[in-house]
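Colleague: Chains H and A, in that order, give the protein sequences. All residue numbers for the first sequence refer to the numbering used here, where the first residue is 1 and numbers rise by one. All residue numbers for the second sequence refer to the numbering used here, where the first residue is 1 and numbers rise by one. We treat Cβ as the ideally placed atom computed from N, Cα and C, and that holds for glycine. Got a structure here, written out as structure tokens. Questions coming.
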Amino acid sequence: MEIAQQINNFIIDNFMMGRSPEELTEDDSLLEKGIIDSTGVLELVSFIEETYGFTVEDDELVPENLDSVNKLVNYINRKRQH
Amino acid sequence: MLVHHFLEENAERFPYKDAAIQLGGRISYLELEAAANRLANTLIDLGIKSGDRVGILMESSIKYIIAYFGILKAGAIVVGLNTQSAIRNFRNTLRDCQVSGLIINKNMAHIVKEIYAALPSLNFVVSESSYSHFPKDVEVVFLLDAQLKGDPSRPAVAIKEDDIAQIIYTSGTTGSPKGVSLSHKNLYANTSSIVKYLDLKPDDRVMAILPFFYSYGNSLLLTHMYCGGSVVIDNRFAYPNIILDIMAQERVTGFSGVPSTFAILMHKSNIHNYRFEHLRYITQAGGPMSPALTQKIMEVMPHIKIFIMYGQTEASARLSYLEPDKLLEKIGSIGKAIPGVKLTVKDEKGKVCRPGEVGEIIASGDNIMVGYWNQPEETKKVLKEDGLHTGDLAKTDEDGYLYIVSRRSDMIKSGAHRISPKEIEEVLAEFPSIIESAVIGVPDKILGESLVAFIVPNGKIDTKELKKHLRLNLAVFKIPREFIQVKSLPKTSSGKIKRFELVEKYKMKAKTS
Numbered sequence: 001m002e003i004a005q006q007i008n009n010f011i012i013d014n015f016m017m018g019r020s021p022e023e024l025t026e027d028d029s030l031l032e033k034g035i036i037d038s039t040g041v042l043e044l045v046s047f048i049e050e051t052y053g054f055t056v057e058d059d060e061l062v063p064e065n066l067d068s069v070n071k072l073v074n075y076i077n078r079k080r081q082h
Numbered sequence: 001m002l003v004h005h006f007l008e009e010n011a012e013r014f015p016y017k018d019a020a021i022q023l024g025g026r027i028s029y030l031e032l033e034a035a036a037n038r039l040a041n042t043l044i045d046l047g048i049k050s051g052d053r054v055g056i057l058m059e060s061s062i063k064y065i066i067a068y069f070g071i072l073k074a075g076a077i078v079v080g081l082n083t084q085s086a087i088r089n090f091r092n093t094l095r096d097c098q099v100s101g102l103i104i105n106k107n108m109a110h111i112v113k114e115i116y117a118a119l120p121s122l123n124f125v126v127s128e129s130s131y132s133h134f135p136k137d138v139e140v141v142f143l144l145d146a147q148l149k150g151d152p153s154r155p156a157v158a159i160k161e162d163d164i165a166q167i168i169y170t171s172g173t174t175g176s177p178k179g180v181s182l183s184h185k186n187l188y189a190n191t192s193s194i195v196k197y198l199d200l201k202p203d204d205r206v207m208a209i210l211p212f213f214y215s216y217g218n219s220l221l222l223t224h225m226y227c228g229g230s231v232v233i234d235n236r237f238a239y240p241n242i243i244l245d246i247m248a249q250e251r252v253t254g255f256s257g258v259p260s261t262f263a264i265l266m267h268k269s270n271i272h273n274y275r276f277e278h279l280r281y282i283t284q285a286g287g288p289m290s291p292a293l294t295q296k297i298m299e300v301m302p303h304i305k306i307f308i309m310y311g312q313t314e315a316s317a318r319l320s321y322l323e324p325d326k327l328l329e330k331i332g333s334i335g336k337a338i339p340g341v342k343l344t345v346k347d348e349k350g351k352v353c354r355p356g357e358v359g360e361i362i363a364s365g366d367n368i369m370v371g372y373w374n375q376p377e378e379t380k381k382v383l384k385e386d387g388l389h390t391g392d393l394a395k396t397d398e399d400g401y402l403y404i405v406s407r408r409s410d411m412i413k414s415g416a417h418r419i420s421p422k423e424i425e426e427v428l429a430e431f432p433s434i435i436e437s438a439v440i441g442v443p444d445k446i447l448g449e450s451l452v453a454f455i456v457p458n459g460k461i462d463t464k465e466l467k468k469h470l471r472l473n474l475a476v477f478k479i480p481r482e483f484i485q486v487k488s489l490p491k492t493s494s495g496k497i498k499r500f501e502l503v504e505k506y507k508m509k510a511k512t513s
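Below, the structure written as structure tokens:
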């Protein structure tokens, strides 16, 4: 499965609480849409670390890396290249 | 004094001072009061009368503050709701208090369609944005119009200090929500007491990351509106480094959090790189924080006063605090009663306990709630002649400092949330292949406690379907992290689940695996 699909599924399954999956586009801010909170981000980080086998450093915990499906995909691809 | 008088007095004392700041936007006391007046007059035009309930469905924001004071100024009762709730929670709480109107932001517009049929009392919605699915027979007014247009003068509504100002819903031990009804007098008493012991002054600026719909966040808002300080709102604590930057930029003097806030800051942020020249104090409440974490904060922020506090929504927020200079000497203590509150530890026969003896904390003072909304029987269980029976068991030391020993109720504190296991068990019981279940809180480094469900299955459980069922019926933070299938649950002779035994069983399992 593609990374975008995996991330999308994880977010819908864990944070969308009955909201329609169509409400989430790949560029939507997860924070601004009220989809994720501080513990949600930590769950997302654990999922990424377990699924893609790298550590998310404290200073990488920023919206530029994690706040939309597209940003997550780019971040994961960058990390995997290192 | 009425709660909206806080705002009115400071609009006269400091008209051009920042009352609230959010994402670079600022609103002065004068502007805030004018916007609240306009909204209040709009609500009155929509038919709101004294004592009507108006719900706020929005995250902490400048708009939330305008809505809060607008509702009070119209003589109505504020019902601030947890924006992360599941649909059935919204439905249950709003039906319980029979709201006449809702003030909502764009993220919450879709909720109206889902709950409308269950709310015959709902007459209008003040909405931040248009939405094609608003029911036709509900009047819709745009929030911006309500705040910017219309009459900016103070509405003339007769309000008494014993009138209810706000209902804050908490998870009841029975699983159904309970509306803690707080009067203007309750909130004023608690606010002025907190301002006194924190020594808050007009120069104080608090970093508000806690949601205003919970009593802790609500008290941050009210204390700063009362002292003429500023509230710096930011809902991006999901990215703690952003908050640290904002704290430095806005020169905040105070920061408040629950144990998980500090666990995240200490373990998942770059806090070591910051100096916090303007920060004067931090406060911690919302459940016990481990002494190890307290010590860690002291190491990282050696020059900052740390106030450990204890309270309940039923007490408007706060009941006790530990003075910062006693923190090391009395580590693990929740301190002593705040000004204007009396706390006594009593045994089951109602006798005052001696130092070292364990009993229940009984609280009295003007901050103690009027009761649970429309639930006289539940109110009677906790509000008795001698005060509020907190359900928390504690002892005092020889100097009168209080130490919590255990909480009598089974409530679980996870992150900033107080969760009733009963509510989750009720939702689990609705799932066809579950005979019974027990939900417990187990120690979690970040959350304080995380949720684990022990399940007695009837045949095979389709976990995917189960998770779907939970997502539809529970807020995200109420969904257990782990499910353990067992043949039976340990019970007392009267049939009560021995939750303590399950916690021990879980800890043993965690140790051996």
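In whole angstroms, what is the alpha-carbon distance linking L198 (chain A) and T191 (chain A)?
Modeller: Numbered from its first residue, the second sequence carries residue 198 (chain A) at position 198. Numbered from its first residue, the second sequence carries residue 191 (chain A) at position 191. Straight-line Cα distance between these residues: approximately 11 Å.
Colleague: Taking L61 (chain H) as the query, report the chain A residues whose CB atoms sit under 8 Å from its CB, ordered along the chain.
Modeller: As a position in the first sequence, residue 61 (chain H) is number 61, starting the count at 1. Correct list: Y239, P240, N241, K268 and S269.
Colleague: In the DSSP assignment, the beta strand (DSSP E) including R205 (chain A) goes from what residue to what residue?
Modeller: Numbered from its first residue, the second sequence carries residue 205 (chain A) at position 205. Residues R205 to A208.
Colleague: Where are the beta strand (DSSP E) runs, 3 residues long or more, that stay fully inside the stretch 220-251 of chain A, in chain order?
Modeller: The qualifying runs are 230-233.
Colleague: Interface residues of chain A around K33 (chain H) at Cβ under 7 Å?
Modeller: As a working mapping, residue 33 (chain H) is identified with position 33 in the first sequence. Chain A residues near K33 (chain H): N107.
Colleague: Near G80 (chain A), what residues of its chain come up, given a Cβ to Cβ distance below 8 Å and the 5 sequence neighbours on each side ignored?
Modeller: Numbered from its first residue, the second sequence carries residue 80 (chain A) at position 80. Only G55, I56, Y64, Y68, Q166, I168, F212, F213 and N218 meet the Cβ criterion.
Colleague: Taking DSSP's pairing of strands, which residues face P457 (chain A) in a bridge?
Modeller: Taking the second sequence and counting its residues from 1, one reaches residue 457 (chain A) at position 457. In the DSSP output, where bridge partners are listed per residue, P457 (chain A) has A:I434.
Colleague: Tell me, please, whether the CB atom of V442 (chain A) is closer than 8 Å to any CB atom in chain H?
Modeller: Reading the second sequence from its first residue, position 442 is the one you call residue 442 (chain A). No, V442 (chain A) lies away from the interface with chain H (no Cβ there is under 8 Å from its Cβ).
Colleague: Beta-carbon of I264 (chain A) versus every beta-carbon of chain H: anything under 8 Å?
Modeller: For this step, residue 264 (chain A) is matched to residue 264 along the second sequence. Yes, contact with chain H.
Colleague: Could you spell out where the alpha helix (DSSP H) holding Y506 (chain A) opens and where it closes?
Modeller: As a first step, residue 506 (chain A) is located in the second sequence; it is residue number 506 there, counting from the start. Looking at the DSSP string, the run of the alpha helix (DSSP H) that includes Y506 (chain A) is R499 to T512.
Colleague: Could you tell me the distance, in whole angstroms, from the CA atom of P155 (chain A) to the CA atom of A40 (chain A)?
Modeller: For the purposes of this step, residue 155 (chain A) is taken as the residue at position 155 of the second sequence. For the purposes of this step, residue 40 (chain A) is taken as the residue at position 40 of the second sequence. Taking the straight line from one Cα to the other gives about 7 Å.
Colleague: Kindly give me the distance between the Cβ atoms of M266 (chain A) and V231 (chain A), rounded to whole angstroms, as I take these residues to be in contact under 8 Å.
Modeller: On the second sequence, position 266 is the one that residue 266 (chain A) refers to. On the second sequence, position 231 is the one that residue 231 (chain A) refers to. That belief does not hold up - the Cβ atoms of M266 (chain A) and V231 (chain A) are roughly 24 Å apart, past 8 Å.
Colleague: Would you decide whether N65 (chain H) is buried or exposed? Buried here means 16 or more other CB atoms lie within 10 Å of its CB.
Modeller: Against the first sequence, residue 65 (chain H) aligns to sequence position 65. The residue is buried, with at least 16 neighbouring Cβ atoms inside 10 Å.
Colleague: Compute the beta-carbon to beta-carbon distance between S256 (chain A) and L328 (chain A), rounded to the nearest angstrom, for a pair I have assumed lies under 8 Å.
Modeller: As a working mapping, residue 256 (chain A) is identified with position 256 in the second sequence. As a working mapping, residue 328 (chain A) is identified with position 328 in the second sequence. Not a contact, Cβ separation roughly 21 Å.
Colleague: Relative to the C-alpha of N241 (chain A), which candidate in A:Y274, A:C227 and A:Y226 has its C-alpha closest?
Modeller: Numbered from its first residue, the second sequence carries residue 241 (chain A) at position 241. Checked all of A:Y274, A:C227 and A:Y226; the closest Cα to N241 (chain A) is A:Y274.
Colleague: Per DSSP, I559 (chain A) is paired with what?
Modeller: What the structure shows of chain A is the stretch from 1 to 513, and residue 559 (chain A) is not part of that stretch, so it cannot be assessed.
Colleague: 8 Å is my cut-off, CB to CB: does V427 (chain A) come that close to chain H?
Modeller: One-based indexing of the second sequence puts residue 427 (chain A) at position 427. No - not a single Cβ of chain H is within 8 Å of the one on V427 (chain A).
Colleague: Is there a Cβ of chain A sitting closer than 8 Å to that of G40 (chain H), yes or no?
Modeller: Working through the first sequence from its first residue, we reach residue 40 (chain H) at position 40. Taking Cβ atoms only, chain A reaches closer than 8 Å to G40 (chain H), which makes this a yes.
Colleague: Does any residue of chain H have a CB that is nearer than 8 Å to the CB of T390 (chain A)?
Modeller: Counting from one through the second sequence, the residue named residue 390 (chain A) turns up at place 390. Judged by the 8 Å Cβ criterion, T390 (chain A) is not in contact with chain H.
Colleague: Give me, in chain order, the residues of the same chain whose beta-carbon lies closer than 7 Å to that of N473 (chain A); leave out the 5 immediate sequence neighbours on both sides.
Modeller: In the second sequence, residue 473 (chain A) corresponds to position 473, counting from 1. Contacts found: A86, R88 and V427.
Colleague: In three-state terms, what does DSSP make of Y16 (chain A)?
Modeller: Taking the first residue of the second sequence as position 1, residue 16 (chain A) is located at position 16. Coil at Y16 (chain A), not helix or strand.
Colleague: Does the beta carbon of F15 (chain H) come closer than 8 Å to any beta carbon on chain A?
Modeller: Mapped onto the first sequence, residue 15 (chain H) falls at position 15. Chain A, which has a Cβ nearer than 8 Å to the Cβ of F15 (chain H), makes this yes.
Colleague: Measure the beta-carbon distance from I434 (chain A) to I455 (chain A) and round it to whole angstroms, keeping in mind my assumption that it falls under 8 Å.
Modeller: Counted from its first residue, the second sequence places residue 434 (chain A) at position 434. Counted from its first residue, the second sequence places residue 455 (chain A) at position 455. Yes, I434 (chain A) and I455 (chain A) are in contact; Cβ-Cβ is about 6 Å, under 8 Å.
Colleague: Would you tell me roughly how many angstroms separate the C-alpha atoms of K33 (chain H) and K106 (chain A), rounded to the nearest one?
Modeller: The residue given as residue 33 (chain H) occupies position 33 in the first sequence. The residue given as residue 106 (chain A) occupies position 106 in the second sequence. Distance between the alpha carbons of K33 (chain H) and K106 (chain A): 9 Å.
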